[in-house]
Amino acid sequence: MKLAFAGLGVMGFPMAGHLAGAGHEVAVFNRSPEKAQRWAQVHQGRACESARAAAEGAEILFLCVGNDDDVRRVVSEALPVIAPGGIIVDHTTTSARLAREMAALCEAQGRAFVDAPVSGGQAGAEAGQLTVMCGGEAAAFERAAPVIAHFAKAVRLMGSPGAGQLTKMVNQICIAGLVQGLSEGLHFARRAGLDPAEVYEAISKGAAQSWQMDNRWKTMAEDRFDFGFAVDWMRKDLGLVLDEARANGAQLDVTRLVDGFYAEVQAMGGGRWDTSSLVKRLEGREA
Ligand SMILES: NC(=O)c1ccc[n+]([C@@H]2O[C@H](COP(=O)([O-])OP(=O)(O)OC[C@H]3O[C@@H](n4cnc5c(N)ncnc54)[C@H](OP(=O)(O)O)[C@@H]3O)[C@@H](O)[C@H]2O)c1
Numbered sequence: 001m002k003l004a005f006a007g008l009g010v011m012g013f014p015m016a017g018h019l020a021g022a023g024h025e026v027a028v029f030n031r032s033p034e035k036a037q038r039w040a041q042v043h044q045g046r047a048c049e050s051a052r053a054a055a056e057g058a059e060i061l062f063l064c065v066g067n068d069d070d071v072r073r074v075v076s077e078a079l080p081v082i083a084p085g086g087i088i089v090d091h092t093t094t095s096a097r098l099a100r101e102m103a104a105l106c107e108a109q110g111r112a113f114v115d116a117p118v119s120g121g122q123a124g125a126e127a128g129q130l131t132v133m134c135g136g137e138a139a140a141f142e143r144a145a146p147v148i149a150h151f152a153k154a155v156r157l158m159g160s161p162g163a164g165q166l167t168k169m170v171n172q173i174c175i176a177g178l179v180q181g182l183s184e185g186l187h188f189a190r191r192a193g194l195d196p197a198e199v200y201e202a203i204s205k206g207a208a209q210s211w212q213m214d215n216r217w218k219t220m221a222e223d224r225f226d227f228g229f230a231v232d233w234m235r236k237d238l239g240l241v242l243d244e245a246r247a248n249g250a251q252l253d254v255t256r257l258v259d260g261f262y263a264e265v266q267a268m269g270g271g272r273w274d275t276s277s278l279v280k281r282l283e284g285r286e287a
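Quick note on our numbering: the sequence shown kicks off at 1 and runs consecutively.
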């Protein structure tokens, strides 16, 4: 297929690479042009100097940019030139409102929009093993899903436009409280004079087990916080969550608290640390 990809950051660079590796014709664009040039040196594909040039005639335009405004910018430039009947698949984590706005805009111009935020982090993107939660029309989803599958182990349609973003919000709510619990467990274990490695062996096969415990307990205990999803991104996502909760009436007591804790981690200089750095706040260590 003729594909375009805008946003070649930590996630987008390898995702676009998987599309090219699968034999599709891929044109890429990034705000800072060096990344697009570097991408075209490592992958089969064309680096373009504008979103419009990359999207010209594309059957699917993929996005993985930063936030709502970045998406608006790329879509306004690219939408008129993608193939008639073409699809925009947005992997950026954004508000659900943005997804609904973009879907209406695309529909009015004879194109489709699928909001498709991802989970799985940098490692998942590099391994082509992301989880993708989608919102949009079933027909567009059916056409896009086999292509998304080049970098995903699970792709699911959750409902109408915005439903993918709402599902990603649930994902972030579940992670926020859990990581704080894990941090408190580790902090308490240390204060109690227990060996964190022994504690892990004792409790990690029981009811306290979680992906975060299996993948982060050890690194947290070793004071290592460079494992992917950054605190700055988490705060952006929790901001979207809390806005949505204000609108739908959901009561998110713990999530709101943890968002404030992440703000303290940012103030400690930890904006680029990964989300498990909540434990550093408890232990009061400086960057
Ligand atoms: N990192 C993760 O583990 C992870 C996991 C799940 C979801 N996400 C979400 O995925 C999205 C991307 O994350 P990331 O970690 O890949 O971020 P990132 O490394 O900052 O990448 C974003 C990329 O988008 C580019 N960009 C921004 N605006 C653009 C525009 N108008 N036109 C073209 N390119 C533009 C940026 O270009 P510049 O080079 O100019 O900055 C950058 O290369 C975010 O919404 C994030 O919340 C990330």
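All residues carry an ideal CB built from backbone N, CA and C; glycine is no exception.
Quiz item: residue 287: buried (16+ other C-beta within 10 angstroms of its C-beta) or exposed?
Solution: Note that residue 287 scores 44 on pLDDT, short of 50, meaning its location in the model is unreliable; the coordinates nonetheless yield the value given after this. With fewer than 16 Cβ atoms within 10 Å of its Cβ, residue 287 is classed as exposed.
Quiz item: So does residue 92 have its beta carbon nearer than 7 Å to some heavy atom of ligand 1?
Solution: yes
Exercise. Count the other CB atoms, across all protein chains shown, that sit within 10 Å of the CB of residue 269; report buried if there are 16 or more and exposed otherwise.
Key: exposed
Self-check item: Whether residue 132 touches residue 163 by CB criterion (8 Å)
Solution: no
Quiz item: To the nearest angstrom, how far is it from the Cα of residue 85 to the Cα of residue 110?
Solution: 6 Å
Quiz item: Is there at least one non-hydrogen atom of ligand 1 closer than 7 Å to the beta-carbon of residue 32?
Solution: yes
Practice problem: Give a single yes or no on whether residue 58 has its beta carbon closer than 7 Å to a heavy atom of ligand 1. | Solution: no
Quiz item: So, helix, strand or coil for residue 21, using DSSP?
Solution: helix
Self-check item: C-alpha distance - residue 18 paired with residue 150, whole-angstrom precision
Solution: 6 Å
Exercise. Kindly provide the ranges of any beta strand (DSSP E) runs that are 3 or more residues long and lie completely inside the segment 48-76, ordered along the chain.
Key: 60-63
Practice problem: Tell me whether residue 131 sits in a helix, a strand or coil according to DSSP, three-state version. | Solution: strand
Quiz prompt | Own chain partners of residue 360 with C-beta closer than 7 Å, once the 5 adjacent residues on each side are dropped | solution = One cannot answer for residue 360 here, as it falls past the ends of the chain, which runs 1 to 287.
Quiz prompt | Inter-residue Cα distance where the pair is residue 274 and residue 187 | solution = 17 Å
Quiz prompt | Collapsed DSSP secondary structure at residue 188 in the structure displayed | solution = helix
Practice problem: Can you grab the Cα-Cα spacing for the pair residue 65 / residue 192, in whole Å? | Solution: 44 Å
Quiz item: From residue 5 to residue 265, what does the alpha carbon distance come to, in whole angstroms?
Solution: 33 Å
Quiz item: Using a Cβ-Cβ cut-off of 7 Å (strictly less than) and excluding sequence neighbours within five positions of residue 125, which residues of its own chain qualify?
Solution: 11, 14, 15, 151
Self-check item: Inter-residue Cα distance where the pair is residue 95 and residue 217
Solution: 31 Å
Practice problem: Would you give the residue range spanned by the alpha helix (DSSP H) that residue 153 belongs to? | Solution: Per DSSP, residue 153 belongs to no alpha helix (DSSP H); it is in the beta strand (DSSP E), 152-159.
Self-check item: Given residue 258 as reference, the closest of 241, 209, 247 once Cα atoms are compared
Solution: 241
Practice problem: State yes or no: is the C-beta of residue 8 nearer than 7 Å to some heavy atom of ligand 1? | Solution: yes
Quiz item: Are the segment 169-176 and the segment 230-248 in contact at 8 Å, needing three or more beta carbon pairs?
Solution: yes
Quiz item: CB-CB under 6 Å to residue 61, same chain, minus the five flanking residues each way: which ones, in chain order?
Solution: 4, 55, 78, 82, 88
Practice problem: Drop a sphere of 10 angstroms on the beta-carbon of residue 142, count the other beta-carbons inside from all chains shown, and report buried for 16 or more, exposed for fewer. | Solution: exposed
Quiz item: What distance in whole Å lies between the Cβ atoms of residue 58 and residue 2, which are believed to be in contact at a cut-off of 8 Å?
Solution: 5 Å
Quiz prompt | Spatial distance of residue 140 from residue 9 (CA atoms) | solution = 25 Å
Quiz item: Of all the options 176, 227, 166, 203, which has the alpha carbon lying nearest to the alpha carbon of residue 245?
Solution: 166
Quiz item: For the segment 21-33 against the segment 41-52, are there 3 or more C-beta pairs whose distance is under 8 Å?
Solution: yes
Practice problem: Check each candidate in 98, 206, 182, 72 and name the one with the smallest Cα separation from residue 215. | Solution: 182
Self-check item: residue 214 (DSSP reduced to helix, strand or coil)
Solution: helix
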